[in-house]
Amino acid sequence: MKKLLPERDDNRVESLEQEREGMAHALIIGGGVAGPTAAIALQKIGIDATVYEAYATTAHDVGASMGISLNGLDALRTLDAHTVVRDAGFPVPRGIMWLGNGRRLGEGHTGTPLPDGTLPIVIGRYDLYAALREEALRRGVPIHHGKRLAHIGQRGDQVAAVFTDGTEAVGDLLIGADGIRSTTRHFVAPHAPRPRYVGLIGTGGITREVAPQSDPGVMNMVFGRRAFFASMASPDGSVWWFANLPWADEPTATDLAATSGSQWQERLLQAFAEDRSPAARLIRATPPDYTWFPMHDMHAPERWHRGRVVLIGDAAHVSSASSGQGASMAFEDAVQLARCLRDRDDPPAAFHDYQRLRVDRVSKVLAGAKQVNRSKAATGVSRVLRDVTFPLFMRKFSTPGAFAWLYDHRIDFDRPIDDQLSP
Ligand SMILES: Cc1cc2nc3c(=O)[nH]c(=O)nc-3n(C[C@H](O)[C@H](O)[C@H](O)COP(=O)(O)OP(=O)(O)OC[C@H]3O[C@@H](n4cnc5c(N)ncnc54)[C@H](O)[C@@H]3O)c2cc1C
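Just so you know, our numbering puts 94 at position 106 of the sequence shown, and the rest follows in order with no gaps.
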């Protein structure tokens, strides 16, 4: 078998103050959001990392947009990496919720701006992946594309990643950042709960063909009679939108491809026909080349680690797109994992404490997203009930401080983890 040796820059590694015995080199599987971030975070504590990405190029799902909230941007800030992501998107600090009948439900709090004025952003998925990849490369992190993990072997104090092309890489620890369909998760927790379809499919688009109805910086979210629609104006004059449609049984890629773009456009128009919202205008103005995503969530497995192997990001837990937190949770995971590796003598001890630091927070995010998904998927009587009870929910959402636990969460990178973990 051909050995794929991690490319090490020995001068740099030796010059790091904290070359860590038995933790000198990490293999990171997945070059999406969590992977490059983890590599940057490990570099900060003196652990060299190599990223292995299955796809030959960066970023699939090119068209999708993502919101990155202040807790996620602040986690990147601890690595001096938030500006590259922030500047690849545009600020959207306000979120206003509406019912399909045109009733304004209220405005939610999106957290306290970072000290340098950074606000929550919306960013293209491609741009997010590219920004993180470029930043990791700029800092000297090797990223190998076309390397799909097939299986993992543990050999004493070493761990080997075997790829589908027959090559292998060996390191002191392995971080599974390989997303919702994680291969690493099969190794760590073979009986873990599988991703669960939440009864919604999502798509989105960008158009320059209509004048924005709102100022840039506002996301208008409409809980419509039959579906959910959100739109926001970008400072460049384009309007970005996304839609979630209730869909009973999880469709396969083949099912979704069986409907043509113009048929999908017609379905979307029907779904929003009774709502007072900009949906129809924006959908008509956007070329109907949709990418659809069935939406999932997944509880974290009981253990997020096994031996010298650990899970982060969607490989560990999936809160569904409705949380707007998947990428931010991945950033937080990467930073907290690095702190634990810094403060513990061996990977298993660090992984144990990393899970302790993260588990309650990611469970709470997942629970919140479930509630939003129920509101988006509501039809018939449950939709009527939703519309009656929504103002109560909004009262909570609009209360200053109600979501401080989420958006104002700040990680103090330098603080020893023992200060945070009760015995
Ligand atoms: C439609 C949609 C909208 C979303 N909107 C938002 C949003 O607004 N805000 C937000 O924060 N989150 C959002 N999310 C969620 C967010 O995209 C994920 O939570 C985030 O990308 C997780 O990062 P990750 O690095 O764990 O996984 P990913 O970004 O999926 O990266 C995993 C990487 O691992 C690679 N990989 C997989 N298997 C292997 C293997 N065997 N070997 C090697 N490499 C492998 C993949 O190719 C991929 O590059 C959305 C998701 C969807 C689908």
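The beta-carbon is built from N, C-alpha and C at its ideal position, and this holds for glycine as well.
Chain-order list of residues whose beta-carbon lies under 8 angstroms from that of residue i (same chain, five-residue window excluded)
i       : result
Glu(-5) : A caution first: Glu(-5) carries a pLDDT of 45, below 50, which makes its placement in the model unreliable, though a value can still be read off. Once the five neighbours on either side are set aside, the close Cβ partners of Glu(-5) are Thr38, Pro130.
Asp406  : Asp331
Leu(-8) : Because Leu(-8) carries a pLDDT of 43, less than 50, the predicted location of this residue cannot be relied on, and the following value inherits that uncertainty. The answer, listed in chain order, is His132, Lys135, Phe151, Thr155, Glu156, Ala157.
Asp285  : Pro183, Arg184, Val186, Val306, Ser307, Ser308, Leu354, Ala357, Lys358, Asn361
Leu125  : Ile131
Lys384  : Ala390
Gln6    : At Gln6 the pLDDT is 45, less than 50, meaning the model places this residue with poor confidence and gives no usable figure here.
Glu238  : Tyr185, Pro282
Any non-hydrogen atom of ligand 1 within 7 angstroms of residue i CB
i      : result
Lys135 : yes
Asp402 : no
Met207 : no
Gly190 : yes
Ile168 : yes
Glu171 : Residue 171 is actually Thr in this sequence, not Glu. Under cutoff, so the answer is yes.
Gly141 : no
Phe381 : no
Gln313 : yes
Val350 : no
Ala42  : yes
Ala390 : no
Gly154 : no
Ile56  : yes
Ala273 : no
Asp302 : yes
Val198 : no
Phe78  : no
Arg410 : Residue identity check: residue 410 is Ser in the sequence provided, not Arg. False, no ligand heavy atom lies under 7 angstroms from that Cβ.
Among the options, nearest to residue i - alpha-carbon criterion
i      : options                        : result
Ser410 : Ala357, Arg173, Arg344         : Arg344
Lys32  : Gly128, Trp86, Gly190          : Gly128
Asp68  : Ala267, Ala309, Asp104, Glu41  : Asp104
Ala149 : His13, Gly205, Ala273          : His13
Pro81  : Thr106, Gly60, Thr71           : Thr106
Met283 : Ser226, Gly314, Glu254         : Gly314
Ser265 : Arg92, Tyr43, Asp62            : Arg92
Ala177 : His305, His139, His293         : His293
Thr274 : Asp396, Thr98, Ala199          : Ala199
Asn89  : Glu262, Asp285, Leu58          : Glu262
Pro404 : Cys328, Pro79, Ala245, Val297  : Cys328
Pro181 : Arg371, His139, Ile168, Glu320 : Ile168
Glu290 : Asn208, Asp348, Thr377         : Asp348
Leu102 : Leu61, Val73, Ile140, Tyr117   : Leu61
Thr240 : Gly301, Phe281, Asn59          : Phe281
Thr172 : Ala138, Arg121, Ala259         : Ala138
Ile17  : Phe230, Pro204, Asp243, Val298 : Val298
Extent of the continuous beta strand (DSSP E) to which residue i belongs
i      : result
Pro234 : 227 to 234
Glu41  : 36 to 41
Met220 : 216 to 221
Leu299 : 297 to 299
Ser53  : 53 to 56
Range covered by the alpha helix (DSSP H) that runs through residue i
i      : result
Ile17  : Segment 13 to 17 is the beta strand (DSSP E) holding Ile17; no alpha helix (DSSP H) there.
Met382 : 368 to 386
Ile28  : 22 to 32
Ser351 : 335 to 365
Ile271 : 267 to 272
Glu290 : Neither: Glu290 is in no alpha helix (DSSP H) and is coded neither H nor E.
Other residues of its chain near residue i: CB distance less than 6 angstroms, five sequence neighbours each side excluded
i        : result
Leu4     : Any reading at Leu4 is ruled out, since the residue's pLDDT is 46, under 50, leaving its predicted position unreliable.
Gly19    : Val39, Glu41, Ile131
Asp(-2)  : With a pLDDT of 45 at Asp(-2), under the threshold of 50, the modelled position of this residue cannot be trusted, and the question is left open.
Asp153   : none
Val1     : Because Val1 carries a pLDDT of 41, less than 50, the predicted location of this residue cannot be relied on, and no value is offered for it.
Glu123   : Ala69, Val72
Asp224   : none
Lys(-10) : Low confidence applies to Lys(-10): its pLDDT is 39, below 50, so where it sits in the model is not reliable, and the reading given next is rough at best. Within the same chain, Lys(-10) has close Cβ partners Thr155.
Leu58    : Gly99, Pro108, Tyr395
Contacting residues, own chain, Cβ-Cβ under 7 angstroms from residue i (five flanking each side not counted)
i      : result
Gly356 : Ser311
Ser226 : Ile194, Thr195, Arg196
Gly418 : An answer regarding residue 418 cannot be provided, because it is not within the stretch -11 to 411 covered by the chain.
Phe401 : Thr66, Val323, Arg327
Leu87  : Leu93, Phe211, Asp375, Phe378
Arg269 : Val198
Asp277 : Gly249
Gly10  : Asp145, Asp160, Asp334
Ala22  : Ala165, Ile300, Gly301, Ala318, Asp321, Ala322
Residues sharing a beta bridge with residue i, DSSP
i      : result
Leu87  : Phe211
Val413 : Nothing can be reported for residue 413, as the shown portion of the chain is limited to -11 through 411.
Thr191 : Ala231
Asn204 : Position check: residue 204 holds Pro in this sequence, whereas Asn was assumed. Pro204 is not bridged to any residue.
Arg82  : Val206
Ile184 : The sequence shown places Arg at residue 184, rather than the Ile named in the question. Paired residues: Asp285.
Closer than 7 angstroms: residue i CB and nearest ligand 3 heavy atom
i      : result
Ala337 : The ligand content of the structure shown is limited to ligand 1, which means ligand 3 is not among them.
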